[in-house]
Each structure stands twice: as structure tokens, then as C-alpha cells.
Amino acid sequence: MLSIGRIVLALLPIVVFIDAQTFSTGDNSSIADCSHECSHKDESRFCLDGNAHFYERLLMGHLRYYISTQVAIDLWHKHHKQGVARNASEIHEEVREGLGLQWTGEKDIVTEKIIDSLADLVTERTQEITLRDRKHAPPTHCPIPCEYTHDLYIILLVLSGTFNIILITSLIAVCTRSAERRNRHLLVATDDH
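Numbering (mature numbering (1 follows the signal peptide of the UniProt record, and there is no 0)), first residue to last: -20 to -1, 1 to 173.
Structure, rendered in C-alpha cells:
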């Protein structure tokens, strides 16, 4: 029994180290196609193309959910403001303001012109969908963090280890009791002869 406890104590720091190592190195191996190791100096475009495909999927998915949320906001206005939805300028201003709050002011990649274009695109599409007289907003799904499955596996590992320890302890206890009964039975049998 004491040796099992020592084994568990010896393995625990290894599990903690593995968890800490994965967290500190930012292991994104669970994300398909995305790698921070890509370079424009690589011989092949394979890595860069993988990143592009990953961000295309990410961008399209998030754009869909962002527009769905804007439609839901419009439906909220209809429901709570005597059936009146937002007009195009209200939608544009809210989207422009929201995107502007996320913008860090960089001029290298994302510019104010891009933010304005996105606001125009989202406003136009939101109004097209809202004009269909929808009663329900399209569904949206919040993304699961990359660490979600990793944390889940750590929890499952700890639970599995705990149940294995309980199983081994129970097995040792049952075997010990069975051996004691056999010894008593043998002693009783030898005393009778």
C-alpha cells in the first residue's frame, strides 16, 4: 500500500511538468493546418498555405456568427422597441464602433478603411436577412478554447489514475483477506487431524 502511494507521488510531478510545458510553449498541435513556424523563406508554400486555409475557415466562421449576432440584435430591437428594427446607419455605426474598439490603431495590416468596409458589408448583409421578416436569429456557437480538450484529458487522466489506485487497493485488500481465510481454513483443517 505504501509503495503505491510513493509511485503516485513520483508520477504527479511529471504530470504537472507535462501540463506546464504544454502551456508555456503554446502547443497548438490540436489545431489543424496552423503553425507559427512558417516563413516566407521556406522552400515550399505548404506551411503558409496551411495557415491561409486555417485563417480562411476561422474568418468565415466568425464572420457568419458575427452577422448572425447582428441579426439577433435587430430581432431584439423589433421585440423590445414596438416592432422597430435598427436602420442601416444605426447598424453601421454600432458595427463600426465595435470593430473600432478592437482595433489597436495599427496602420501596417488593418486600417480604418478595412474597418469601414467590414462595417458596410455586415450592415448590408444584416439588413438583407432582417428584411426577410425572420422570427428567429440564425444560430451562433462560441468557439471552444484550444486548451479545452487538453484540460479535459488532464482531468480524465487524474480520474483514471484515481480509479486505478482504488481498484488496485481494493484488489490487494480482497486478495489479502482471501489469503487470510485460506490460511485460517488450512490451520483449522490441520488442527482437526
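C-beta atoms are modelled at their ideal positions from N, C-alpha and C, and glycine is treated no differently.
Beta carbon of residue 55, beta carbon of residue 117: below 7 Å?
yes
So, at 7 Å on beta carbons, what are the nonlocal neighbours of residue 80 in its own chain, with the 5 sequence-adjacent residues on each side left out?
95
Alpha helix (DSSP H) segment containing residue 14, residue limits
Neither: residue 14 is in no alpha helix (DSSP H) and is coded neither H nor E.
Relative to the C-alpha of residue 101, which candidate in 84, 53 and 75 has its C-alpha closest?
75
Secondary structure of residue 63, DSSP reduced to three states:
coil
When we look at the beta-carbon of residue 50 and count the other beta-carbons within 10 Å, is it buried (16 or more) or exposed?
buried
Let me check understanding here. Comparing Cα to Cα, which of 40, 113 and 104 lies closest to residue 69?
104
If you reduce the DSSP assignment to three classes, tell me which class residue 56 lands in.
helix
Taking only the alpha-carbon atoms, compute the straight-line gap between residue 143 and residue 154 and give it to the nearest angstrom.
16 Å
Since residue 68 is in the alpha helix (DSSP H), which residue starts that stretch and which ends it?
68 to 82
According to the neighbour-count rule (16 or more other Cβ atoms, all chains shown, within 10 Å of its Cβ), is residue 53 buried or exposed?
buried
Could you give the DSSP three-state label for residue 89: helix, strand or coil?
coil
Quick check: the segment 20 to 40 against the segment 61 to 68, are at least 3 beta-carbon pairs closer than 8 Å?
no
Short Cβ contact (7 Å threshold) for residue 106 with residue 45:
no
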